[in-house]
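Q: Following this message is one structure expressed as structure tokens.
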Amino acid sequence: MALMATSWREQWTTDVKGNVLAGMTATLALIPDSLAFSFMAGVPPQVGIYATICILILITFLGGRPGMISAAAGSMAVLMLTLVEEHGIQYLFAATVLTGVIQYLMGVFKLGKLMNFVPQGVLIGFVNALAILIFMSQLRYFKDASWTMYALAAAALAIIYILPRYFKAIPSPLVAVVLLTFAVWASGMDGVARVGDIDASLPAFLFPDVPFTWETLMIILPTSFSLAIVGFTETLLTHNLLDEMTGERTDKNREMRGQGIANFVAGFFGGMAGCALVAESVLNVKMGGRNRLSTLVAALFLLLLVLVLGDVLAMVPMAALVGIMLMVCISIFDWKSIFKMNEVPASETIVMLITVGAVVATHDLAIGVLIGVLISFILFAVNASRMQIGSEWEGKKRTYRIQGQLFFASAAELETRIEHACEAEEVHIDLTGTKVWDHTAELALAKTVDRLTKAGKRVTVSRTDRGAAQTAQ
Numbered sequence: 001m002a003l004m005a006t007s008w009r010e011q012w013t014t015d016v017k018g019n020v021l022a023g024m025t026a027t028l029a030l031i032p033d034s035l036a037f038s039f040m041a042g043v044p045p046q047v048g049i050y051a052t053i054c055i056l057i058l059i060t061f062l063g064g065r066p067g068m069i070s071a072a073a074g075s076m077a078v079l080m081l082t083l084v085e086e087h088g089i090q091y092l093f094a095a096t097v098l099t100g101v102i103q104y105l106m107g108v109f110k111l112g113k114l115m116n117f118v119p120q121g122v123l124i125g126f127v128n129a130l131a132i133l134i135f136m137s138q139l140r141y142f143k144d145a146s147w148t149m150y151a152l153a154a155a156a157l158a159i160i161y162i163l164p165r166y167f168k169a170i171p172s173p174l175v176a177v178v179l180l181t182f183a184v185w186a187s188g189m190d191g192v193a194r195v196g197d198i199d200a201s202l203p204a205f206l207f208p209d210v211p212f213t214w215e216t217l218m219i220i221l222p223t224s225f226s227l228a229i230v231g232f233t234e235t236l237l238t239h240n241l242l243d244e245m246t247g248e249r250t251d252k253n254r255e256m257r258g259q260g261i262a263n264f265v266a267g268f269f270g271g272m273a274g275c276a277l278v279a280e281s282v283l284n285v286k287m288g289g290r291n292r293l294s295t296l297v298a299a300l301f302l303l304l305l306v307l308v309l310g311d312v313l314a315m316v317p318m319a320a321l322v323g324i325m326l327m328v329c330i331s332i333f334d335w336k337s338i339f340k341m342n343e344v345p346a347s348e349t350i351v352m353l354i355t356v357g358a359v360v361a362t363h364d365l366a367i368g369v370l371i372g373v374l375i376s377f378i379l380f381a382v383n384a385s386r387m388q389i390g391s392e393w394e395g396k397k398r399t400y401r402i403q404g405q406l407f408f409a410s411a412a413e414l415e416t417r418i419e420h421a422c423e424a425e426e427v428h429i430d431l432t433g434t435k436v437w438d439h440t441a442e443l444a445l446a447k448t449v450d451r452l453t454k455a456g457k458r459v460t461v462s463r464t465d466r467g468a469a470q471t472a473q
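With full-length UniProt numbering applied, the sequence shown covers 1 to 473.
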């Protein structure tokens, strides 16, 4: 895997056209999501818009993964609703500030290395589950919709997939939005769902209007901690995915520090906490947005659409944006994990399916990932606990040769397989082919030696992790 170029100039001057167009395309996917996530959190739409603009601008300069789109996120929005309903939106702004502080500390203490413990099966399950959730979220636009909704969505997909065969100068999703918006406007189609008006202005600096007391901290801390954990998980999983896609190795801890600062500042500008978005990030990278310029363009283009071109934005048919999101679903889903299951270990497939099932059932990516990681550890422990215990006789001496890993999951087998009532006068336990990993295994070994000794055997134990053989009389 190639190390990523760290030149600041390269991050702004390489493939300017591709990054600008990719950022504009990613913005089109951010608009419906920012609105939907605001609704999920029970806050006005401009809260999601403000958060997206603020986070994107800051993460452009402070993040460790260029090209990754960070904004208001659905996985975090669902955690905010209770706080908003019980205490009001000002407490949400305070919780967003505290979330930023916690995430910044995660980066300072280099917790990004925890992602090394996320197996490939969990990562694939995370991506596949996200694709399914995005697909399910788009179905609401087809409920009780007229035939024009289906026709326009199909037209959007046709443009997205067919146009690149003949024309690649402009990303096909961007062309689809422009063409369909013009077609709907020129034909005067009735009954076509559109983005609609967004009542937004430039975000203004404000202090959350909450009492600066211990009680306030106790109110917002549980929500902030949950937001920080979910944001940490989704951001670094997205980070891993993009690193694999691009063949680059980037700084996860810097990303978390940048994410923390971005959320901290967003809370002072009337925004909600956010994190990296897999769908928009993959879209941005696939369209050519691999540098910091792409995320800055996405933020500024969103600001331009909302504040200056609001009338144009209001005319964009939702079917065009739905088409883009359906394309993203198809792109990020790992189809090989379904059609080539026989090429990967069964345990990895099981972990992937359990992760997908948990995420889809709970609609919570963090919970799904934690369950997937837990199942992976359990399967690893089961596989690692398989020991081979062979025995051979040399006169009155019996030698047990242990092969495998000796730890809490395999310790009981050691006690069971070594016979304490055998006819041997001397028993040798050969552990040179294994390693004793934990205290449970040490206790099992000690108990086995003790029982053999009490049965009148002369016992010797040889092991490489403790030096010379030990003898018990």
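Glycine residues also receive a C-beta, built at the ideal position from the N, C-alpha and C atoms.
1) Quick check on DSSP: helix, strand or coil for LEU277?
2) Exposed or buried, what is ALA186 when buried is set at 16 or more other beta-carbons lying within 10 Å of its beta-carbon?
3) For LYS168, is the classification buried or exposed, using 16 other Cβ atoms within 10 angstroms of its Cβ as the cut-off for buried?
4) Roughly how far, in whole angstroms, is the beta-carbon of THR460 from the beta-carbon of THR432, given that I think they are within contact range, below 8 angstroms?
5) Can you give the Cα-Cα distance for GLN403 and ALA424, rounded to whole angstroms?
6) Got a sec? Which residues, its chain only, sit under 7 angstroms from MET4 by beta carbon, not counting five neighbours each side?
7) Quick test of your reading: LEU28 and ILE324, contact by CB under 8 angstroms. State the CB separation rounded to the nearest angstrom.
8) Distance check for LEU114 and ARG458, CA to CA, integer angstroms please.
9) If I follow the unbroken beta strand (DSSP E) through GLY42, where does it start and stop?
10) In the DSSP assignment, the beta strand (DSSP E) including GLY239 goes from what residue to what residue?
11) Helix, strand or coil: how does DSSP classify MET4 here?
12) Just to confirm my understanding: we take GLY42, look at its own chain, exclude 5 residues before and 5 after, and list those with CB closer than 8 angstroms. What are they?
13) Where does VAL210 fall in DSSP's three states?
14) Between which two residues does the alpha helix (DSSP H) carrying TRP437 extend?
15) Using a Cβ-Cβ cutoff of less than 7 angstroms, which residues in the same chain neighbour GLN103 once the five nearest sequence positions on both sides are dropped?
16) GLY271 by DSSP, collapsed to three states: which one?
17) So, at 8 angstroms on beta carbons, what are the nonlocal neighbours of LEU305 in its own chain, with the 5 sequence-adjacent residues on each side left out?
18) Judging by CA-CA distance, which residue of LEU326, ILE330, SER331 and THR349 is the nearest neighbour of SER337?
19) Within 10 angstroms of its Cβ, does VAL285 collect 16 or more other Cβ (buried), or is it exposed?
20) Excluding the 5 residues flanking VAL356 on each side, which residues of the same chain have their C-beta closer than 8 angstroms to its C-beta?
21) Can you tell me which of the three DSSP states ASP251 falls into?
22) At the level of alpha carbons, what is the spacing between TRP214 and ALA72?
23) Starting from HIS87, trace the beta strand (DSSP E) in both directions and tell me its first and last residue.
24) Measuring straight from C-alpha to C-alpha, what distance separates ALA299 and GLY88?
25) For a quick check, are the C-beta atoms of ALA319 and ALA153 less than 8 angstroms apart?
26) Do three or more CB pairs link the stretch 235–245 to the stretch 46–59 at distances below 8 angstroms?
27) Is the CB-CB distance between CYS329 and PHE135 below 8 angstroms?
28) Have a look at ARG290, PHE269, SER34 and VAL118 and flag the residue whose alpha-carbon is nearest the alpha-carbon of ASP15.
A: According to the structure data:
1) Counting from 1 along the sequence shown, the entry for residue 277 is found at position 277. Residue state, collapsed to three classes: coil.
2) Sequence index remark: in the sequence shown, residue 186 carries index 186 (1-based). It is exposed - the Cβ of ALA186 has fewer than 16 other Cβ atoms within 10 Å.
3) Numbered from its first residue, the sequence shown carries residue 168 at position 168. With fewer than 16 other Cβ atoms within 10 Å, it is exposed.
4) On the sequence shown, position 460 is the one that residue 460 refers to. On the sequence shown, position 432 is the one that residue 432 refers to. The Cβ separation is near 12 angstroms, so there is no contact.
5) Residue mapping note: residue 403 aligns to position 403 of the sequence shown, counting from 1. Residue mapping note: residue 424 aligns to position 424 of the sequence shown, counting from 1. Taking the CA atoms as reference points, GLN403 sits about 22 angstroms from ALA424.
6) Numbered from its first residue, the sequence shown carries residue 4 at position 4. For MET4, the predicted model reports a pLDDT of 45, less than 50, meaning its position is unreliable; a value from the coordinates is still stated below. Same-chain partners within the cutoff: GLU248, ARG249 and THR250.
7) For the purposes of this step, residue 28 is taken as residue 28 along the sequence shown, with counting starting at 1. For the purposes of this step, residue 324 is taken as residue 324 along the sequence shown, with counting starting at 1. Contact holds; Cβ gap of about 6 angstroms.
8) Within the sequence shown, numbered from 1, the residue matching residue 458 stands at position 458. Within the sequence shown, numbered from 1, the residue matching residue 114 stands at position 114. CA-to-CA, the gap between ARG458 and LEU114 works out to about 46 angstroms.
9) One-based indexing of the sequence shown puts residue 42 at position 42. GLY42 -> no beta strand (DSSP E), and no H or E assigned at all.
10) Sequence index remark: in the sequence shown, residue 239 carries index 239 (1-based). A small fix is needed here, since residue 239 is His in this sequence, not Gly. Segment 214–246 is the alpha helix (DSSP H) holding HIS239; no beta strand (DSSP E) there.
11) Position 4 of the sequence shown, counted from the start, is the residue given in the question as residue 4. With a pLDDT of 45 at MET4, under the threshold of 50, the modelled position of that residue is not reliable, and the figure given next carries that caveat. Here MET4 sits in coil by DSSP.
12) Taking the first residue of the sequence shown as position 1, residue 42 is located at position 42. Excluding positions up to five away in sequence, the list reads MET80, LEU81, VAL84 and GLU85.
13) Along the sequence shown, one-based indexing puts residue 210 at 210. Three-state DSSP puts VAL210 in coil, outside helix and strand.
14) Within the sequence shown, numbered from 1, the residue matching residue 437 stands at position 437. Counted as a single uninterrupted DSSP element, the stretch harbouring TRP437 is not any alpha helix (DSSP H), since DSSP gives it neither H nor E.
15) For the purposes of this step, residue 103 is taken as the residue at position 103 of the sequence shown. Around GLN103: ALA228, GLY231, PHE232, MET256, GLN259, GLY260 and ASN263.
16) Within the sequence shown, residue 271 is the residue found at index 271, counting from 1. DSSP places GLY271 in coil when its eight states are reduced to three.
17) Sequence index remark: in the sequence shown, residue 305 carries index 305 (1-based). If we look at LEU305 and ignore the five residues flanking it on each side, its Cβ neighbours are THR27, ILE31, VAL312 and LEU313.
18) Counting from 1 along the sequence shown, the entry for residue 337 is found at position 337. Nearest to SER337 by alpha-carbon distance, out of LEU326, ILE330, SER331 and THR349, is THR349.
19) Here residue 285 refers to the residue found at position 285 of the sequence shown. When all chains shown are included, VAL285 counts as buried.
20) Stepping through the sequence shown from its first residue, residue 356 is reached at position 356. These residues qualify, in order along the chain: GLY125, ASN128, ALA129, ILE132 and GLY368.
21) By one-based count along the sequence shown, residue 251 stands at place 251. ASP251: coil per DSSP, three-state reduction.
22) As a first step, residue 214 must be located in the sequence shown, where it is residue number 214. As a first step, residue 72 must be located in the sequence shown, where it is residue number 72. If you draw a straight line from the Cα of TRP214 to the Cα of ALA72, it comes to about 28 angstroms.
23) Numbered from its first residue, the sequence shown carries residue 87 at position 87. Where HIS87 is concerned, there is no enclosing beta strand (DSSP E), although the alpha helix (DSSP H) around it starts and stops at 81–87.
24) Within the sequence shown, residue 299 is the residue found at index 299, counting from 1. Within the sequence shown, residue 88 is the residue found at index 88, counting from 1. So the alpha carbons of these two residues sit roughly 27 angstroms apart.
25) Taking the first residue of the sequence shown as 1, we reach residue 319 at position 319. Taking the first residue of the sequence shown as 1, we reach residue 153 at position 153. The answer is yes: Cβ separation under 8 angstroms.
26) Counting Cβ pairs under 8 angstroms, fewer than three are found: no touch.
27) Here residue 329 corresponds to residue number 329 of the sequence shown, with the count starting at 1. Here residue 135 corresponds to residue number 135 of the sequence shown, with the count starting at 1. Between CYS329 and PHE135, the C-beta spacing is below 8 angstroms.
28) Working through the sequence shown from its first residue, we reach residue 15 at position 15. Across the set ARG290, PHE269, SER34 and VAL118, the C-alpha of ARG290 shows the shortest separation from the C-alpha of ASP15.
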